[in-house]
Amino acid sequence: MPDATTELEHASADIVLTRDAREILDRAAKVATARGSLHIVPADVFNATLQLPGNLADAEMRALGFDPKSIAPLIEANGAGEALPVRQLLVNANREAGVLGHYQVDSIHLLLAMLYSDSPSTSGPLMQAGLTLYDLRRHVQTGTKTGAPPVHGSARPDADLRKRPWPSLQGVLGISPVFIGIVGVTAVAGVLLWMNYLPRYVPFLTLLFVVGGWVTSLCIHEFGHAFVAYLGGDRSVAGAGYLTLNPLRYTNVTMSLVLPIIFLLLGGIALPGGAVYINHSALRSRVWSSAVSIAGPVGTVLCGLLIAGVFFVAPQQSWITQGNLNFFAGLAMLGFFMALAAVLNLLPVPGLDGFGVIRPWLPYSVQFAAMRYSMLAIYGVFALLWFVAPVRSAFFDVVLQLTTLANIDAALIVVGQMNMRFF
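Written out as structure tokens, the structure reads:
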């Protein structure tokens, strides 16, 4: 059977409330239920505000010289009258939040809505007591009363409400069956290598394990970009499916997955891989834009640190044996690719994440030129790595130094590389 709480849930479903506002409305539902009503009226909301002191509405009334408890009898004596539905009260409160430049509906907006003329049961008594919309708005925004000179450096009561809140992640994050399948195949290949059940198929299993692990890290890399972009203000990444770890949702599956895997098999070079489209104009600031770019490599580094953790523990626990050597060789190769991808992505070259970190701080003319020739720049990097021996040697020396720091034996990497070859 519908009750005041159910009514409140429907009325507030699309309105972002602060904790104080939510607690007041929940208490108002109990007040309505206690008086035997199925509907919340503005008087119930005012009574709930009094029962939960310390909120901004209570503080503002006292700051303006009013005792909220002295107003309650006036509202009670006025009766419910033509009670305003709680939905309309919340719509009015949300309008006040927008007018004041606030991002959430708080107790103060509920109080301001109770001063609207379409809520006569509360507006009449409040104005009779001397409280007006103009005075309340002014004090909320400036901290001063009408007619009083502004106090330099005084804190504004609505300072916290002007801060953009973190977006809700409810119903936004998910794990796609595709990602679960990739992780599952990688895990099965790893178990078979560890147990050495199918020695004749070691090359195939190693290939499956390494490529599956690399694609998993690629999904985490791109999820990092999308997750930080969502927090930074770009809500489009949720609708695009980028927060589900599904590699099939990338902008170009061929360029994002197929070609990188081919390069991985041919030359042992992990291309940047998947790409998620980020609407940088929707981000809050240049800092957030840089954070979006660095978030992907951070995801790759975390995957690499997980592998490094295994190699730091394995020798101490005597995990590496002749029977499971192929597993650790594959894991070493995977760790090598993690280090390679991290170093490659952090190069300050247009089209790579390293350049994305500094791009927002460059002149727009430079940014435009970089975006226009980004693919050419990436091809140039790979041409240098492929054909220019000194550049290739210097690059891979850095990668091998990182794997050494991760306690990954170079000999295991060589074995892993050999195991991935069918011929």
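Numbering (the numbering used here) for the sequence shown: 1246 to 1668. Even for Gly, the Cβ is constructed at its ideal location relative to N, Cα and C. Only a predicted model underlies this, so the values are computations on that prediction, with no experimental measurement involved.
Contact the region 1608-1619 vs the region 1482-1494: 3+ CB pairs below 8 Å: No, the region 1608-1619 does not touch the region 1482-1494.
Three-state secondary structure (DSSP) of V1261: In the structure shown, the three-state DSSP call for V1261 is coil.
Could you compute how far the alpha carbon of L1452 sits from the alpha carbon of A1622? Rounded to the nearest angstrom, the two C-alpha atoms are 30 Å apart.
Does the Cβ-Cβ distance between S1366 and N1300 come in under 9 Å? Contact: no.
By DSSP, does V1286 sit in helix, in strand, or in coil? Of the three classes helix, strand and coil, the one that applies to V1286 here is coil, per DSSP.
If contacts are defined as beta-carbon pairs under 8 Å, then M1372 and V1290 qualify, I think. What distance do you get, rounded to the angstrom? Between V1290 and M1372 the Cβ distance is about 17 Å, and since that is not below 8 Å, they are no contact.
Three-state secondary structure assigned by DSSP to V1350: Reduced to three states, the DSSP call for V1350 is strand.
Close beta carbons around V1337, own chain, < 6 Å, minus the five adjacent residues each side: The sequence shown places Asn at residue 1337, rather than the Val named in the question. The residues are A1358, Y1361.
Quick check on the burial criterion: 16 or more other C-beta atoms within 10 angstroms. Buried or exposed for I1603? Around the beta carbon of I1603, fewer than 16 other beta carbons sit within 10 angstroms, so the residue counts as exposed.
Inter-stretch contact (C-beta, 8 Å, three-pair minimum) for the region 1408-1420 and the region 1339-1355: Look at the beta carbons and you see the region 1408-1420 touching the region 1339-1355: at least three pairs across the two are nearer than 8 Å.
W1606 - DSSP class collapsed to helix/strand/coil: Correct three-state label for W1606: helix.
List the whole-angstrom C-beta distance separating V1455 from M1665, where the pair is believed to meet the contact cut-off of C-beta under 8 Å. That pair is a contact at about 6 Å.
Pick from A1258, F1573, A1586, P1608 that is closest to A1434, judged by C-alpha positions: Ranking A1258, F1573, A1586, P1608 by CA distance to the CA of A1434 puts F1573 first.
Can you tell me where the alpha helix (DSSP H) holding S1362 begins and where it ends? Counting along the chain, S1362 falls outside any alpha helix (DSSP H), and DSSP gives it neither H nor E.
Contact check, P1542 vs H1466, beta carbons under 9 Å: Result yes, Cβ atoms of P1542 and H1466 sit closer than 9 Å.
Just curious, the alpha helix (DSSP H) that L1460 is in, first and last residue? Note on residue identity: the sequence assigns Val, not Leu, to residue 1460. If you look at V1460, you'll find it in the alpha helix (DSSP H) that goes 1447-1477.
Could you have a look at T1566 and say whether DSSP puts it in helix, strand or coil? Note: T1566 maps to coil in three-state DSSP.
Specify the secondary structure class of D1598 as computed by DSSP and reduced to three states. Under the three-state reduction of DSSP, D1598 is assigned to helix.
So is F1472 buried or exposed if we call it buried at 16+ other beta carbons inside 10 Å? With a threshold of 16 other beta carbon atoms within 10 Å, F1472 meets it and is buried.
What residue does the alpha helix (DSSP H) around Y1624 start on, and which one ends it? It spans 1619-1632 - the alpha helix (DSSP H) in which Y1624 sits, taken as one unbroken run.
Which residues mark the beginning and the end of the alpha helix (DSSP H) in which S1315 is found? 1313-1323 is the span of the alpha helix (DSSP H), which, as asked, contains S1315.
Should T1263 go down as buried or exposed, given a rule of 16 or more other Cβ atoms within 10 Å for buried? It is buried - the Cβ of T1263 has at least 16 other Cβ atoms within 10 Å.
Any 3 or more C-beta pairs closer than 8 Å across the region 1538-1553 and the region 1586-1603: Because the criterion of three Cβ pairs below 8 Å is met, the region 1538-1553 and the region 1586-1603 touch.
Can you list, in chain order, the residues of its chain with a C-beta nearer than 8 Å to that of N1339? Leave out the 5 residues immediately preceding and following it. Residues of the same chain with a CB within less than 8 Å of the CB of N1339, apart from the 5 flanking positions on each side, are I1260, V1350, H1354 in chain order.
Would you identify the three-state DSSP class for T1387, choosing helix, strand or coil? Residue state, collapsed to three classes: helix.
Does DSSP classify M1663 as helix, strand or coil? M1663 falls in the helix class under three-state DSSP.
Find out if the Cβ-Cβ distance for the pair A1527, G1478 is shorter than 9 Å. A1527 places its beta carbon less than 9 Å from that of G1478.
Assigned secondary structure, T1367 (DSSP; H/G/I helix, E/B strand, else coil): Helix.
Is I1552 closer than 9 Å to I1653 when the C-beta atoms are compared? Closer than 9 Å, so yes.
Under DSSP, the alpha helix (DSSP H) around W1439 begins and ends at which residues? Its alpha helix (DSSP H) spans residues 1422-1440.
Can you give the beta carbon distance from R1280 to Q1296, rounded, assuming they're within the 8 Å contact cut? Contact between R1280 and Q1296 fails: their C-beta atoms lie close to 14 Å from each other, not under 8 Å.
Given this structure, state the Cα-to-Cα distance separating E1245 from R1531, to the nearest angstrom. What is shown of the chain runs 1246 to 1668, which leaves residue 1245 out entirely.
Pick out whichever of T1649, S1538, I1658, A1651 has its Cα sitting closest to the Cα of W1606. Comparing Cα-Cα distances from W1606 to each of T1649, S1538, I1658, A1651, the minimum goes to S1538.
Let me know if N1571 comes out buried or exposed under the rule of 16 or more other beta-carbons within 10 Å of its beta-carbon. Classification of N1571: buried, given that the 10 Å Cβ count is 16 or more.
Buried or exposed by the 16-neighbour rule on C-beta atoms within 10 Å, applied to M1440: By the neighbour-count definition (other C-beta atoms within 10 Å, threshold 16), M1440 is an exposed residue.
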